[in-house]
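Visitor: Chains as they are written, first to last, in UniProt numbering: chain A, 1 to 307; chain B, 1 to 294; chain C, 1 to 235. A virtual CB, placed ideally from N, CA and C, is assigned to each residue, including glycine. These figures come from a predicted structure and were not determined experimentally.
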Amino acid sequence: MRDRGAWPGIVVVVLLAVVFLILPHVYGNQSLLFQMMTFVVLTQGLNLLYGFTGYLPFGYVGFFGAGAYATSLLVLHTDLPVIACVIGGGIGSIVIAIILGPLLRLSGAYFSIANLAASQIMFFVVSNGNLSKITGGPYGLKIDRVYAPEASYLTMLAILLLATGLAAYFRASRFGLGLRAMTQDPVSAAMAGIDVVRQRVLVWLASAGIAGLAGGTYAWNLSVFYPDAVFTLQISVFAIVFALFGGVGTVIGPIIGAASLYLLYNGIGISFPQGFELLYGALIVLLVLFLPNGVSSLLTRRGVRVF
Amino acid sequence: MVGLLEYAVIGGILYGLFFSLIGIGLNLIFGVMRIINLAHGQFIMLGGFGAYLLSRDLGLNPLFGIPLAIAGAIVIGYPLYYAVVPRLQKSHDPEMLSFILFFGIAQIIEALAVFGFGADQRSLPGDALGAGNLGVLGQEFPDSWWVAVLVSVLAIGGLYGYFARTKLGYATRAIMADRDEARATGINVDRVSAIAFVMGLALAGAAGVFVPYLLGSVSPDIGTGLTTTSFAIIIIGSLGNPLGTVVGGLVFGLGTMLMQTFYASWSNLVPYVLLVVIVLIRPSGLLGKAVRHA
Amino acid sequence: MSSEPLLRLDGVGKAFGGNIVLNRLSFSVEPGEIVGLVGPNGSGKTTAINLISGVHRADAGTIRFQGRPVQGLAPFRLAHLGINRTFQVPKPFREMGVRENIEVAAHFGGARGMDADAVLAEIDLAGHAAIMAGGLTVNQQKMLDLGRALATDPKLLLIDEIGAGLNPSELGAIANLLQRLAQRGIALIVVEHLLDFLNRITNRVIVLGAGRMLFEGTLKAASENPDVVAAFIGG
């Protein structure tokens, strides 16, 4: 076994921590940094599932939204510390992922489209006026009494490090070797003794949990949100595009993809959304046709081993 | 209450027949090429804008949107087919890669539609396809619904005739059954597939002509919802069989109309719940092999 | 040890969509034995292997391994118990190194400490350890399938048409390898069309025709059995 050990993962995690701890002191717009971290987390979380098992969760945003709502409801109805509520958001998403577990029986595109439908169902249920008393219906929820931009920023950073650590573990461990094997050939993987279903479910739950934690922290940071702010399909779309661009199945690909494209989005996309949509639409087509493993594969082709 | 139920059932059948037309192009392209046209809903949307512009700017009957959709499908479809489909089919996972690639195409179309037509919802005066209401069993529906249903039935019947009676249709069915064998028997698989691809887009565009009437309006962002709904419909029905899509359309139409009549605020859940429930209870047999063997 | 055989099938049946592909198959295999499984195409040989290895589930009958019923167990559990196989169309992890292919099985197969180098030497791929499995020839990939199975330290190996497309000297080498494995106590069920090859390594064959067991005994006796002859000529 090519024994890379834990070092590359530790280096990436420490670097990320340093960068995102220093940046707010250099660059004043902490809200932008927070948004960017959120997308790096979501991209990495999607990469955990898509990059390491081949299941593309088109409805990934569903877990984000579920986490946002679970966290906010805990804040509103319990006296738990906010951090515990955020963890509750992660658990809430994991529960949803367990309920949706049977979707993993579906292959490729059917999984993706059914997962998309599931996230739409969550959105329509949560935003339905009949449930206003619980979910706030179309008006969303308000948890401004716990508003804390600094603390939520640090929490999102912790989630970013957790997601990156998980990706590094998948990349360098025997568990990850098993994941690679089962993605390439599930039948042979089973004959090699891998419990394919268990491994796949574990990754699915980890991926959902990351999105749930991120959703909870995002809600905490916003403190007031409409349902479409945390359930818009755009969030799934961005995570997919960012991951594809950077290169799935690696640790740094999704970080690079999300950070660079999010900056681009922030530069042109917010004022000129169609221009950005056109750009990433074209980017997807070009990536699938010419660079299916993302920009990081440009390095791989030159013999650099991308972590 | 009896009147309401009758209204919902008859309306559901009409709505469902129209939605068979909405879904059938996606079914055709998947059946022949094993390619998932995730931009399907965006092509429907383009058909809707075609009819809207013909009617508003040129004062033509919106039905001229149908020949326009066919022409558009030829102009867009052929180059698009040859640019991407053979390449996708040579890849290791055509289904998933086409899914992602056509998702990109969907985003491009949506962005261009916003540039070209603006982001607003556009609706057409209801009387362009006849000003009256036509009743059945005492339940009245606008003429535009009946025209849409008539066109849907003709289009699906025509597709059925194409499969059953023409040489090209026969070749298409051979490809659906076994691509490699079809190639081995001398069928020009690329040419026949390209025609099916163009037909799939044309059917989507033609369905779009009626979207401003049956859905009330057309706007650039309706594509994804229509694609998901189409997926639900063709998964309920069976693959490659136009009649299967009609069954799927009817289930969707009746479900939607019954929900709209009795639980209106939940009716937007219908296609999504149908989709998830169907893929979970009958993952195989409906749309080819949907289950991993692991 | 009891008198229970290593593997025992009792009335095992399988149908796909109403089409019976295997009907009341019963036989048993002892440790260290090489049993040939022969029959015309479509006679159910590969289905039998798929059922024993858990890739498909039997509709009827029982499959016992070391005395315990194993039908319905997931393939990875069977691999842990010591049942493994190769595939007619080899199924390596194409984008992983040859050595990694073996290591995955050594790690997950329930036989930790299995020496990947020894396995590589055994299947004659030591010189290719570092290249991607997808870059091997089909015959080499078949050997890699075998190596992956061996890395799980199996007690029963199911070999699905490993000989097709090999020249006589390669066939000879494989025959030697399979006999060495049998001498180690591994039981082998070998599906093969090449009767000379089978004749060399087996002392017992099971002949299937249209999903039924037609004959069990030596290959020589099989060739004189009228049912068998009819199945091969008529099938």
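(1) Among A:84, A:272, A:298, A:255, which one has its Cα closest to the Cα of residue 349 (chain A)?
(2) Could you work out which residue in A:286, A:296, A:276 is closest to residue 112 (chain B) when comparing CA atoms only?
(3) Give me the residue from C:11, C:63, C:95, C:53 with the minimum Cα distance to residue 4 (chain C).
(4) Buried or exposed: where does residue 129 (chain A) fall if 16 or more other Cβ atoms within 10 Å of its Cβ makes it buried?
(5) Drop a sphere of 10 angstroms on the beta-carbon of residue 202 (chain C), count the other beta-carbons inside from all chains shown, and report buried for 16 or more, exposed for fewer.
(6) Hey, how far is the Cα of residue 104 (chain B) from the Cα of residue 283 (chain A)?
(7) Which residues, taken in chain order from the stretch 254-283 of chain B, show a beta carbon closer than 8 angstroms to some beta carbon of chain A?
(8) Go through its chain and collect everything with a Cβ distance to residue 77 (chain A)'s Cβ below 6 angstroms, but skip five positions before and after it.
(9) Going along the chain, which residues of the stretch 186-211 of chain A sit with their C-beta nearer than 8 angstroms to a C-beta in chain C?
(10) Classify residue 40 (chain C) as helix, strand or coil using the three-state DSSP reduction.
(11) Buried or exposed: residue 14 (chain C), going by 16 or more other Cβ atoms within 10 Å of its Cβ?
(12) If you measure between the beta carbons of residue 153 (chain B) and residue 130 (chain B), is that distance less than 8 angstroms?
(13) Tell me the residue span of the beta strand (DSSP E) that contains residue 61 (chain C).
(14) Could you give the distance in angstroms between the alpha-carbon of residue 161 (chain C) and the alpha-carbon of residue 10 (chain C)?
(15) Would you kindly work out how many angstroms separate the C-alpha atoms of residue 281 (chain A) and residue 230 (chain A), rounded to a whole number?
(16) Drop a sphere of 10 angstroms on the beta-carbon of residue 90 (chain B), count the other beta-carbons inside from all chains shown, and report buried for 16 or more, exposed for fewer.
(17) Between residue 204 (chain A) and residue 79 (chain A), what straight-line distance do the alpha-carbon atoms span, to the nearest angstrom?
(18) I'd like to know whether the C-beta atoms of residue 95 (chain C) and residue 116 (chain C) end up nearer to each other than 8 angstroms.
(19) Please return the same chain residues whose Cβ sits closer than 8 angstroms to the Cβ of residue 91 (chain A), not counting the five positions on each side in sequence.
(20) Which residues of chain A have a Cβ atom closer than 9 angstroms to the Cβ of residue 93 (chain B), listed in chain order?
(21) Quick check on the DSSP output: the alpha helix (DSSP H) that includes residue 51 (chain C) runs from which residue to which?
(22) Report all residues from its chain with a CB closer than 7 angstroms to the CB of residue 194 (chain A); omit the five preceding and five following residues, and keep chain order.
(23) Within the 8 angstroms Cβ cut-off, does residue 181 (chain A) reach chain C?
(24) Using a Cβ-Cβ cut-off of 8 angstroms, state whether residue 87 (chain B) counts as contacting chain A.
(25) Would you report the Cα separation of residue 293 (chain B) and residue 97 (chain A), rounded to the nearest angstrom?
(26) Short of 8 angstroms Cβ to Cβ, which residues in the stretch 152-182 of chain A face chain C?
(27) Closer than 6 angstroms by C-beta to residue 33 (chain C): which residues in its own chain qualify, once you throw out the five before and the five after it? Chain order, please.
(28) Measure the CB-CB distance between residue 65 (chain A) and residue 123 (chain A) and report whether it falls below 8 angstroms.
(29) Could you tell me which uninterrupted alpha helix (DSSP H) segments, each at least 4 residues in length, are contained entirely in the stretch 203-233 of chain C, listed from first to last along the chain?
(30) Using the beta-carbon of each residue, which ones in chain A are nearer than 7 angstroms to residue 115 (chain B)?
(31) Leaving out five residues before and five after residue 141 (chain C) in sequence, what residues of the same chain have Cβ atoms less than 6 angstroms from its Cβ?
(32) Alpha carbon to alpha carbon, how far is residue 218 (chain A) from residue 152 (chain A)?
(33) Using the Cβ count rule (16 or more neighbours within 10 Å means buried), how would you classify residue 39 (chain C)?
(34) Can you confirm whether the stretch 122-135 of chain C touches the stretch 42-59 of chain C when touching is taken to mean that 3 or more C-beta pairs between the two stretches lie within less than 8 angstroms?
(35) Contact defined as beta carbons within less than 8 angstroms: I believe residue 161 (chain A) pairs with residue 13 (chain A). What is the distance between those atoms, to the nearest angstrom?
(36) Identify whether residue 290 (chain B) lies in helix, strand or coil by the three-state DSSP scheme.
Guide: Taking the geometry as given:
(1) For residue 349 (chain A) there is no data in the structure shown, the boundaries of chain A being 1 and 307.
(2) A:276
(3) C:63
(4) exposed
(5) buried
(6) 7 angstroms
(7) 265, 266, 268, 269, 271, 272, 273, 275, 276, 279, 280, 283
(8) none
(9) 187, 188, 189, 190, 191, 192, 193, 194, 195, 196, 197
(10) coil
(11) buried
(12) no
(13) 60-65
(14) 24 angstroms
(15) 22 angstroms
(16) exposed
(17) 30 angstroms
(18) no
(19) 70, 209, 212
(20) 54, 108
(21) 45-52
(22) 178, 181, 182
(23) yes
(24) yes
(25) Here the model assigns residue 293 (chain B) a pLDDT of 37, short of 50, so the residue's position is not dependable and the matter cannot be decided.
(26) 174, 177, 178, 180, 181
(27) 187
(28) yes
(29) 219-224
(30) 274
(31) 90, 92
(32) 8 angstroms
(33) buried
(34) no
(35) 5 angstroms
(36) Low per-residue confidence applies at residue 290 (chain B): pLDDT is 40, beneath 50, and the placement is therefore not dependable, though the value from the model is reported in the following sentence. In this structure, residue 290 (chain B) counts as coil in the three-state DSSP scheme.
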